[in-house]
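The sequence shown begins at 0 in numbering that gives the first Met the number 0 and counts up one residue at a time.
We put the CB at the ideal spot given by N, CA and C, even for glycine.
Notes follow once the structure below has been shown.
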Amino acid sequence: MALSAPSTLISHNRAVNCLAFSLPKHGNLAVNHQQLHSRINFHSFSDPPYVHQSRNGGKFTPSCLAKTVVSDVEVHNSDFTTDAATDDTWSEFAKNVSGEWDGFGADFTIEGKPIELPESVVPEAYREWEVKVYDWQTQCPTLADPVENTMTYKTIKLLPTVGCEADAATRYSIEEKNIGGVDNEVSAFAYHSSGCYTAIWSVADKNLLELEHCLINPRDRESRVRIIQVFRVGGTKFVLQNVRVFCEQWYGPFRNGDQLGGCAIRDSAFASRAATNASDVGGVWKGSNAVASFDSSGDNCLEELKDNGVMKSIRDGSNLILLPKQLWCSLKDSGGETCGEVGWLYDQGYAITSRFCFSSEGKLKEVSIARETTVLEGV
């Protein structure tokens, strides 16, 4: 699908496709830059005030093709309140998710250990120095169309370079994904006006299922993480294979990845950094949550995450996969259902989480995104 930039300025956007089915079956480049675009007030969370960037709105009601995939997910608390109509919510989402998102990405084992890049892509100098390389420099140009009810994005991996060789950046791979329209690829997609979303992707030829969680920092709308849990599916059984993490910054309106970030990247490689402390995320948490429910028919592959009040959760720090950048994820079976979570501790005592739940038949039931704070003992 060809991507073309709209005439108006857009900010955060990312692609995901809709579908539903029953399951059968090191170099650190970091240079601080000034903000590249103006911000607008962000009202999705109740506290504190949030600032946002970019402008571009529109109405999007994606059509979903019938393909074989999973269709149910559950999430927890989130401080999201939704007063606008669904069309207005999608328009705001499209504005906040669209743009050029650049950063770094890495794969992790189910124990939370970083996975080295293939030796074939590592510069000879690193091999000679016996420097291990875990991170890809990445681009994620994203465009959500508020009128045509479609969204598309690319994940572009750049070959590692020695030093700050911005002009030498070479693309290693490009993966394009689409949501809605005739090119739809996603099994289920839940979105929030803030630009956060959860997407279910089926890799049918490999019996794999990818759960993608996109979380935007409530205190910095130009910063987000995408955490992708990769599952092998057998019948109704889900087995976690690995976890993929992208830490990204917003660099401006959509340009289809034409401009390489290079030394302009404000972030740096992260995979080999220390993992999150279990004590920081365990315990009792509460906060507002937004929920999207999916029925077993699979007809509603795209759903808005709507305000569902305040929820309390108890997190056992011993059952988490702890990752760098204050991130974590988990997976558990409960009463035949498969449920899981990813989270981002964006400040001490403050987290944004995404949760999902599949039924005992392997159908996605519910997805939720929550903004949580720790609960003091005795409160």
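Item, Value
"Just the Cα atoms here: how many angstroms apart are Pro-23 and Phe-107?", "Residue confidence is low: Pro-23 scores 32 on pLDDT, short of 50, so the model does not pin down where it sits. Its coordinate-derived value is still stated next. In a straight line, the C-alpha of Pro-23 is about 27 Å away from that of Phe-107."
"So what does DSSP say about Thr-380, is it helix, strand or coil?", "Given a span of 0 to 378 for the chain in the structure shown, any question on residue 380 remains unanswerable."
"Please name the residue in Asn-183, Arg-223, Ile-173, Gly-361 whose C-alpha comes closest to that of Val-244.", "Arg-223"
"Taking 7 Å as the limit between beta carbons, can you name the residues of its chain near Arg-231, skipping five residues before and five after?", "Asn-206, Leu-207, Val-238, Gln-240"
"Is the distance from the Cβ of Thr-197 to the Cβ of Trp-284 below 8 Å?", "no"
"Which whole-angstrom value describes the C-beta separation of Ala-187 and Cys-300, a residue pair presumed to lie in contact below a C-beta threshold of 8 Å?", "5 Å"
"Going straight from the alpha carbon of Asp-144 to that of Ala-289, what length do you get?", "23 Å"
"Taking contact to mean at least 3 C-beta pairs separated by less than 8 Å, is the segment 306-313 in contact with the segment 175-194?", "no"
"Give me the residue from Gly-281, Gly-361, Asn-276, Ala-277 with the minimum Cα distance to Phe-293.", "Gly-361"
"Report the rounded CA-to-CA distance for Asn-95 versus Gly-194, giving the unit in angstroms.", "5 Å"
"So, with DSSP's three-state summary, where would you put Asn-206?", "coil"
"Is the CB-CB distance between Arg-354 and Gly-335 below 8 Å?", "no"
"Give the single residue among Thr-88, Asp-266, Phe-92, Ala-124 whose Cα lies nearest to the Cα of Leu-214.", "Phe-92"
"Considering Cα atoms alone, identify which of Gly-348, Asp-306, Ser-201 is closest to Ala-369.", "Asp-306"
"Suppose you measure from the CA of Phe-357 to the CA of Leu-210; what does that come to, to the nearest Å?", "12 Å"
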